[in-house]
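Residue numbers (the working numbering), protein chains in the order written: chain Z, 4 to 322; chain X, 90 to 483.
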Amino acid sequence: MAATSDTVTDALADNGRAQVAARKAASRTVWTRWLMLSPALITILVCGLAPLFIILAYSLMKPGDYAGVICCKIVPDAWINLFFEQDMFSDAMAPNYAYYIIFARSILMALFTTALALGVGFPTAYFIATRSPKLRNLMLFLITIPFWTNLLIRTYSIIMVLQDQGVLNKILMKLGIIDQPLQLMYTNIAISYGLSYAYLPYMVLPLYASMEKLDFRLIEAGYDLYATRFQVLRRLIIPLVKPGIVAGSILVFIPAIGDYVITTQLGGGTTMMFGSLISQQFLTARNWPQGSALSLGLMALVMIALLIYAKKAVGRAES
Amino acid sequence: MRRTIVGVPALAYAEKKFTNFKSSDFWQGAKVAGATAIEARNVIKTFGTGSEAFRALDNVSVTIRQNEFFTLLGPSGCGKTTLLRMIAGFELPTSGDILLDGQPVAHLPPFKRQVNTVFQSYALFPHLTVAENIAFGLEMLGRPKSEIESQVTKMLKLVQMEPMRNRKTNQISGGQQQRVALARALAPHPKVLLLDEPLSALDLKLRKGMQIELKRLQMETGITFIFVTHDQEEALTMSDRIAVMSKGKILQVGSPTEIYEHPADRFVAHFIGETNFIEADLVEQNGDGGRLRLASGAEIFHPHANHPTTGQKVSMVVRPERIELAPLDESCQFAGTVRNIVYFGTDTTYHLDVENAGEMTVRMQNRWGHQSVLQIGDRVGLKVESDALQVLRD
């Protein structure tokens, strides 16, 4: 009898110890998780959120006389200026059409760039995805090569191609297609060409990722059910690789809308874009709050667009 | 039940005619049995080149009739799927031709042939609903909306999937996916429906159900079905005719009864069902048949024992259920010892060591009470009716 109750007590004690140990282990696991996450968290905090916060703070201050800001009174001037401008003589507020036009132009340019990258990237990705695995890896490697070259150098080499005495014009003239060199540089065409070239890998890689997963037996089934090549593309391939199309388009659209280097080099400053406007505010106009407000405005624009898309996608998935 | 479908062609034909008549307002393309639907003429298909060349189809010629449930049966790698894909348009023949309703189609792309396929993997479009999947072929053919709508509803009814019409294809079970794949392929009312081992992914019970279902669909729609399988039982239960293939060649074409009862050669006999092989000498033959002497010395007269040369050794096959076990006496052609007894419920299989003939298998239905009488080690006689024997070609 005594032996039995001893066993029972022991068992209870064991049980209690086990529970304590389990709780300790659980809290240890939680701490370990935070510890493991800390490098990433610190990086995001220091390199991501902190600068963003500084920009937000700057956008709410008055500009300094030569640069910088006057601390620390909060004024909404820069934000109001995004949409309205003060009439120089009457002090009345009027819509800031100059900015609207720049916004619209940048959006259109980014859209056109995305479309161009998609048009070139889609067949490229499809071609790669339908090769043998060995060849695929080689081709993906080749696609990423331009990434290793400095952006400025890549941009200058585009200038070499596009300028009046450049490669393209010379070839066209030799072939007798044109008599005089075409004005290619410093046009919107040059800008979107440069942008889509620079961001093409961002389009090809996600497209390739979703095409690689494509079940080609479905395409066979499409042909079997009387779909022509075009119908197979439109009704099967495009809907099936849509996640890749969306991811690639977002990855090209976002950097394209705010790009500075390519637009200024290839556009020659003749057409003002969002990126050049921001840099102008910081470097030329010395209006840091305005530049900050513009950057955040651009960010908000992109985020709203993405949110609308995400909401639509979720809605579709639910229905 | 099985016998009534496959064993009596006349009845099967009558059933088919009746169902065609019943649904002829819907299936306007109901056809007269007997006319040719698909013909393969001297088809050769070689994959690869040089020393790695592999001949998947070796001079295959076959005629498949309209309104027929035709099965291509053979082990994997025998070329049956290649032949099917060639009829669908996914493979080009190296030489030879494929005729659909008398028209050569070998070089037409798949979307220009009135042939649809039920794929082994089903290949349903994951971004479309069940109804949209079924409508796909009709939409591609540019049929009017109202017609598509009513046809899709009919198809959903036909395969009993109406409640699932708005589900995505990944929200339904494997058996249901199978039905949708069938409905999708049948919806454009093709001249020929190709089925590439469509039941192989289903579990046994579902598979049995679908076998009956497929046969029903074929009869109701009056469409020629070409069915590919490596499962001999599946082939026997469903087909009007079977082509047994091996190594790129068609070895024998015939009704399930012909294939089972009168296999043309050793491979067919071996591949379909269980078989006992018996060696014998062809002693004498005339117009009525031949006299065969077994190794035991017993002689059998066989009505179909026509073989090129008299006095040669010939192989014969006999099915396990066509042998009778009996007390040993002169009327038995063989004597043997029971080595193993396997009880199957409906019948019992006896494995015997037979004198002068090696191992033989005998299956007897469990209604004679023999299963309680015979025991391992017993010596018994074996009786074989002469018409149960089949003399092989090779």
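Using N, Cα and C, we set each Cβ at its ideal position, and we do this for glycine too.
Closer than 8 Å to chain X by CB, residue i
| i | result |
| --- | --- |
| R1/Z | Nothing about residue 1/Z can be reported from this structure: the residues present for chain Z run from 4 to 322 only. |
| P242/Z | yes |
| L210/Z | no |
| E88/Z | no |
| Y226/Z | yes |
| M4/Z | In this prediction, M4/Z has a pLDDT of 47, which is less than 50 and means its spatial position is unreliable; what the coordinates show is noted afterwards. False, the Cβ-Cβ gap to chain X never drops below 8 Å. |
| L121/Z | no |
Residue nearest to residue i in terms of C-alpha spacing, selected from the options
| i | options | result |
| --- | --- | --- |
| P98/Z | I83/Z, R108/Z and A107/Z | I83/Z |
| F314/X | V342/X, L284/X and E302/X | L284/X |
| Y211/X | D436/X, A290/X and A224/X | A290/X |
| L271/X | R256/X, M244/X, P252/X and L295/X | M244/X |
| T273/Z | K27/Z, T127/Z, N191/Z and P258/Z | N191/Z |
| I148/Z | L208/Z, S295/Z and S109/Z | L208/Z |
| G251/Z | Q293/Z, G270/Z, Y202/Z and P242/Z | Y202/Z |
| K472/X | N445/X, T437/X and E413/X | E413/X |
| K246/X | L230/X, T218/X, L441/X and A276/X | A276/X |
| M142/Z | Y211/Z, S160/Z, L171/Z and Q89/Z | Y211/Z |
| E251/X | Q260/X, V241/X, V132/X and A124/X | V241/X |
| V477/X | L189/X, T160/X, R273/X and E347/X | Before going on, a small fix: residue 477/X reads as Ala here, not Val. Of the candidates L189/X, T160/X, R273/X and E347/X, the one whose C-alpha sits nearest the C-alpha of A477/X is E347/X. |
| A259/Z | Y200/Z, P184/Z and I73/Z | Y200/Z |
| D345/Z | D90/Z, D68/Z, Y69/Z and M64/Z | The question about residue 345/Z has no answer, for chain Z in this structure spans 4 to 322. |
| G191/X | Q203/X, K169/X and I367/X | Q203/X |
Contacts of residue i in chain X (Cβ-Cβ under 7 Å)
| i | result |
| --- | --- |
| Y229/Z | F200, G226, M229, L230 and P277 |
| L239/Z | F214 |
Per DSSP, the bridge partner or partners of residue i
| i | result |
| --- | --- |
| A129/X | V151/X and I187/X |
| S404/X | E368/X |
| P98/Z | F87/Z |
| I73/Z | K65/Z |
| T426/X | D442/X and R468/X |
| I105/Z | Answer is none; I105/Z lacks a bridge partner. |
| E413/X | K472/X |
| F390/X | R380/X |
Amino acids of chain Z, ordered along the chain, whose beta-carbon sits closer than 8 Å to that of residue i
| i | result |
| --- | --- |
| F159/X | Residues of chain Z passing the Cβ test: none, with the nearest at roughly 19 Å. |
is_contact[residue i, chain Z] using C-beta, thresh 8 Å
| i | result |
| --- | --- |
| N255/X | no |
| A119/X | Low confidence applies to A119/X: its pLDDT is 42, below 50, so where it sits in the model is not reliable enough to give any reading. |
| T218/X | no |
| S475/X | no |
| N148/X | no |
| F136/X | no |
| T206/X | yes |
| A177/X | yes |
Under 7 Å from the C-beta of residue i: neighbouring residues of chain C
| i | result |
| --- | --- |
| S165/X | Checking the listed chains, one finds no chain C in this structure; the protein chains it contains are Z and X. |
8 Å Cβ cut-off: residues of chain X touching residue i
| i | result |
| --- | --- |
| E215/Z | The contacting residues do not exist; E215/Z stays about 16 Å from chain X at best. |
| A132/Z | The contacting residues do not exist; A132/Z stays about 17 Å from chain X at best. |
| Q234/Z | M229 |
Residue i CB to nearest heavy atom of the ligand HEM below 7 Å
| i | result |
| --- | --- |
| A128/Z | Although the ligand HEM was asked about, the structure shown includes no ligands whatsoever. |
Where residue i meets chain Z, residues with beta-carbon distance less than 9 Å
| i | result |
| --- | --- |
| N259/X | Going along chain Z, no residue has its Cβ under 9 Å from N259/X, so there is no contact; the nearest lies around 12 Å. |
| A358/X | By Cβ distance, chain Z contributes nothing, its closest Cβ being about 35 Å from A358/X, past 9 Å. |
Cross-chain neighbours of residue i in chain Z, by beta carbon under 7 Å
| i | result |
| --- | --- |
| S210/X | R220 |
| N375/X | Going along chain Z, no residue has its Cβ under 7 Å from N375/X, so there is no contact; the nearest lies around 55 Å. |
Would you list, in sequence order, the uninterrupted beta strand (DSSP E) runs of no fewer than 3 residues that lie entirely inside the stretch 135-175 of chain X? Note on the stretch 135-175 of chain X: whole beta strand (DSSP E) runs with a minimum of 3 residues are 143-154 and 158-162, in chain order.
Only counting runs of 3 or more residues, tell me where the beta strand (DSSP E) segments fall wholly within the stretch 310-388 of chain X, in order along the chain. Every beta strand (DSSP E) stretch that sits fully inside the stretch 310-388 of chain X and reaches 3 residues is listed by chain position as 313-318, 330-335, 338-343, 365-375 and 378-383.
If we require 4 or more residues per run, which alpha helix (DSSP H) segments fall completely within the stretch 431-471 of chain X? Those alpha helix (DSSP H) runs which fall completely within the stretch 431-471 of chain X and span 4+ residues are 459-462.
Quick check for students: name the residue ranges of the alpha helix (DSSP H) that lie wholly in the stretch 203-236 of chain X, counting only runs of 4 or more. Listed in chain order, the complete alpha helix (DSSP H) runs (minimum 4 residues) inside the stretch 203-236 of chain X are 219-229.
Every unbroken alpha helix (DSSP H) within the stretch 254-296 of chain X, with a cutoff of 4 residues, ordered by chain: The qualifying runs are 263-275.
Pick out the complete alpha helix (DSSP H) segments inside the stretch 215-249 of chain Z, 4 residues or longer, and give them in chain order. You should have 219-227 and 232-235.
Fully enclosed by the stretch 169-215 of chain Z, which alpha helix (DSSP H) runs are 4 residues long or longer? Entirely contained in the stretch 169-215 of chain Z, the alpha helix (DSSP H) runs reaching 4 residues are, in chain order, 170-177 and 191-215.
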